[in-house]
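Asker: Just passing along the structure, written as structure tokens.
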Amino acid sequence: MWSLLIVEDEEEVRSFLRKHVDWERCGFRVIGEAGNGRAAWELIRKHRPDAVLCDIFMPIMDGLQLLERCRESGSPALFVMLTCANEFAYAQQALKLGAFNYMLKLSMGVEEMQDELIAVGKELAKRKKAESERLYLNWLPAYKQAWDDIRRPNPDDCAVGKLAQQAAEEGYAHVGIVSFIDVREEEVDEPRLDTAGLFALRSSVLTHAFRASGVTTSFIWSKAPEPLVPPAEAGENDSYLAVYGTARTVDWGMLWRQAIDTLTSGWYEARTGWVPIRAGSAGRSKSLSDAEAAVWSWKQEAELIHALEEGRWDACEELILKTGKTMERMKVSFLTDRDVAERVEQIVSRVRGLDGSKKRTNASRAIHHERLWEGVMACFVEHLPVSFPFVRPITDHAEVNAMLDYIDMHFKETITLHALSRHVSMEESYISALFKKKTGMNVVGYVNRYRIHRSMQLLKETGLSVQTIGQSVGFASEHYFNRLFKKLVGLSPGEFRKRNRG
């Protein structure tokens, strides 16, 4: 709501206005009254009202003198002058001095006054929007620099101090911050978002929003202390984590760092809803460079790439899980946690030959640490091969072809080199080398791949249990069947069935 000061030397007029005008419906709250211009000037200096309802003729200091002094001092308060019919020339002079409008006391009724107040409110909103856009463009470089400083271990507070000075010069002595992890799909360029609108704020506050790295921060600049109290229903929402707090303008940079650290604490605690910013927390979470040195180096990146290229899926899974647990143990900034997770997803996508440049990743949708690394693991599983090529080797060697036929017929049984050597009437040591030379695989490796190939058909076409299928293709141990299936196919038998049976 906008703030308004009543300046009128006639008590009955002030009483009439107080009692009969529906100030709240018009968007105003009366912050005080004065019976002359001098008293009004002191109230204007102290309370900085958005609008002044002012009589022209008053003792000590009249309305025109008061208006002129306000303009000379730089006060942006919007004046509506109250005048009598024979004071028209003075009303015209008031307009030249910058008054918004004037009203005749004799014809002034409640409805007319309320209509005028609504018009004043619209004009104030228009001016506030223009001021907000002007200051946003002026302060945007400082917002960007301050954000970069938050990401660095040794921040340079030059930009922070410069903005604090500019805000103070504009009369904004206080600031509120609302930061939340933003997982919306669309790109947002609009500088003023609705985050601050969740709070009961005075209309005169200045709100800006800055979005970077999936975090949206609303800045609520005010000329007087502005308490932030989220609506009761906001605490019931579990789809986001938001933090809020207030400080003097000079401390706005520290408050922003504290907001990010409070988000980091909530990130690892899987908190949701609205959380007050924890004072004194700034600087506790480790920066990106700290985390890279301790957790994610070129060595780990190369290890993951090699494991992916070589199809060592168990090693990939172990490295991903280890990285996530290390992040949690070190309590690095949630920004770093997400950066590393997104990098892992990009590596998995790139090495698997898929498009790793997509804007939306599983990591970018997470609102807490556990969900983040669940998303990374889902990305890994999603990019695993759902099948492996199996083609029976074609050879020019009669005995090797005979061994392949034998495996086709007896794969459900125990197949040994001794049984194969008897089938083709050749020495075991010779057929072992011969089989690998002609097929590119040793006998055990080929038999395992053939059995897995046959099990995949059964998983897709039947409702038999995994244990039964493993036994039916020649695996005595269900555990060994599961482990070998995942190693070769990239999915567990159950995951493969779910993906291939619609």
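Take 1090 as the starting number for the sequence shown in my numbering and just add one per residue. C-beta: ideal position from N, C-alpha, C; glycine also.
Taking only the alpha-carbon atoms, compute the straight-line gap between Phe1117 and Ala1123 and give it to the nearest angstrom.
Answerer: When rounded, the distance between both Cα atoms is 17 angstroms.
Asker: Considering only residues of the same chain and omitting the five flanking positions on each side of Lys1501, which have a CB-CB separation below 8 angstroms?
Answerer: Here the set comprises Ser1561, Val1562 and Gly1563.
Asker: Can at least three beta-carbon pairs, one atom from the segment 1344 to 1359 and one from the segment 1261 to 1270, be found at a separation below 8 angstroms?
Answerer: These segments touch.
Asker: Tell me the start and end of each unbroken alpha helix (DSSP H) in the segment 1177 to 1243 that is at least 4 residues and wholly inside, in chain order.
Answerer: Runs found: 1177 to 1185 and 1199 to 1240.
Asker: For Ala1382, which three-state DSSP category applies?
Answerer: Annotation note: pLDDT 49 at Ala1382 (below 50); position unreliable, no value reported.
Asker: If you draw a straight line from the alpha carbon of Leu1580 to that of Thr1557, how long is it in whole angstroms?
Answerer: Roughly 18 angstroms between the two C-alpha positions.
Asker: Between which two residues does the alpha helix (DSSP H) containing Trp1345 stretch?
Answerer: Per DSSP, Trp1345 belongs to the alpha helix (DSSP H) from Trp1341 to Glu1358.
Asker: Reducing DSSP to helix, strand and coil, say where His1109 ends up.
Answerer: The answer is helix: DSSP assigns His1109 an H, G or I state.
Asker: Starting from Arg1427, follow its DSSP beta bridges and name the residues at the other end.
Answerer: Looking at the DSSP assignment, Arg1427 forms no beta bridge with any residue, so it has no partner.
Asker: Cutting at 7 angstroms between CB atoms, please list the residues of its own chain near Val1277, excluding the five before and the five after it.
Answerer: With a pLDDT of 42 at Val1277, under the threshold of 50, the predicted position of this residue should be treated as unreliable, and no value is reported.
Asker: Is it buried or exposed for Phe1177, if we count other Cβ within 10 angstroms and need 16 for buried?
Answerer: With fewer than 16 other Cβ atoms within 10 Å, it is exposed.
Asker: In the structure shown, what three-state DSSP assignment does Val1267 receive?
Answerer: Strand.
Asker: Determine the DSSP secondary structure at Asp1144, reduced to helix, strand or coil.
Answerer: Here Asp1144 sits in strand by DSSP.
Asker: Could you give the DSSP three-state label for Gly1121: helix, strand or coil?
Answerer: The answer is strand: DSSP assigns Gly1121 an E or B state.
Asker: What did DSSP end up calling Ala1455 once you bin it into helix, strand or coil?
Answerer: Ala1455 falls in the coil class under three-state DSSP.
Asker: Between Trp1112 and the rest of its own chain, which residues show a CB-CB distance below 7 angstroms, the 5 nearest in sequence each way excluded?
Answerer: Cβ neighbours of Trp1112 beyond the five flanking positions: Arg1118 and Val1119.
Asker: What separation, rounded to the nearest whole angstrom, lies between the Cα atoms of Glu1406 and Tyr1329?
Answerer: So the two alpha carbons sit approximately 28 angstroms from each other.
Asker: Would you list the residues sitting across from Ala1508 in a DSSP beta bridge?
Answerer: Looking at the DSSP assignment, Ala1508 forms no beta bridge with any residue, so it has no partner.
Asker: What residues in its chain sit with their C-beta under 6 angstroms from that of Glu1599, if we drop five residues either side in the sequence?
Answerer: There is simply no residue 1599 to check, as the chain begins at 1090 and stops at 1591 in what is shown.
Asker: Kindly give me the distance between the Cβ atoms of Ser1354 and Arg1367, rounded to whole angstroms, as I take these residues to be in contact under 8 angstroms.
Answerer: That pair is a contact at about 7 angstroms.
Asker: Name, in chain order, the residues that DSSP records as bridge partners for Val1301.
Answerer: In the sequence as presented, Val is not what sits at residue 1301; that position holds Ala. Its beta-bridge partners are Val1304.
Asker: The alpha helix (DSSP H) that contains Phe1054, what's its start and end?
Answerer: Past the boundaries of the shown model lies residue 1054; the chain is included only from 1090 to 1591, so the question cannot be answered.
Asker: Considering Cα atoms alone, identify which of Arg1134, Ile1145, His1109 and Arg1114 is closest to Glu1099.
Answerer: Ranking the options by Cα distance to Glu1099, first place goes to Ile1145.
Asker: What does DSSP give as the partner residues of Met1170 in its beta bridges?
Answerer: The partner list for Met1170 (beta bridge, DSSP) reads Cys1143 and Tyr1191.
Asker: Can you grab the Cα-Cα spacing for the pair Ile1456 / Ser1544, in whole Å?
Answerer: Between Ile1456 and Ser1544, the C-alpha separation is close to 39 angstroms.
Asker: Take Leu1156 as the anchor and find which of Ile1483, Met1416 and Ala1180 has the nearest alpha-carbon.
Answerer: Selected option, being the one with the closest Cα: Ala1180.
Asker: Sort Gly1303, Phe1168, Ser1162 and Pro1138 by Cα distance to Gly1152 and report the nearest one.
Answerer: Nearest option by C-alpha distance: Phe1168.
Asker: Taking 6 angstroms as the limit between beta carbons, can you name the residues of its chain near Asp1139, skipping five residues before and five after?
Answerer: Trp1091, Ser1092, Leu1213 and Ser1293.
Asker: Can you grab the Cα-Cα spacing for the pair Phe1524 / Met1530, in whole Å?
Answerer: Each residue's Cα considered, the two are about 7 angstroms apart.
Asker: Return the chain-ordered list of same chain residues with a C-beta closer than 7 angstroms to the C-beta of Ile1239, the five sequence neighbours on each side being excluded.
Answerer: Excluding sequence neighbours, Ile1239 sits near Trp1345, Arg1346 and Ile1349.
Asker: Taking Val1578 as the reference, give the member of Ile1436, Arg1401, Lys1217 and Arg1160 with the closest Cα.
Answerer: Cα-wise, what sits closest to Val1578 is Arg1401.
Asker: Do the segment 1489 to 1503 and the segment 1456 to 1466 touch if we need at least three Cβ pairs shorter than 8 angstroms?
Answerer: Touching, no.
Asker: May I ask you to list the residues that DSSP assigns as paired with Pro1365?
Answerer: Pro1365 pairs with Tyr1333.
Asker: For Asp1283, which residues of its own chain have a beta-carbon under 8 angstroms away from its beta-carbon, when the five flanking residues on both sides are left out?
Answerer: Below a pLDDT of 50, predicted positions are generally treated as unreliable, and Asp1283, at 47, falls in that range; no measurement from the model is reported.
Asker: DSSP three-state label for Thr1415, please.
Answerer: Residue state, collapsed to three classes: helix.
Asker: Note down the Cα distance separating Gly1334 from Glu1258, rounded to an integer number of angstroms.
Answerer: Each residue's alpha carbon lies about 22 angstroms from the other.
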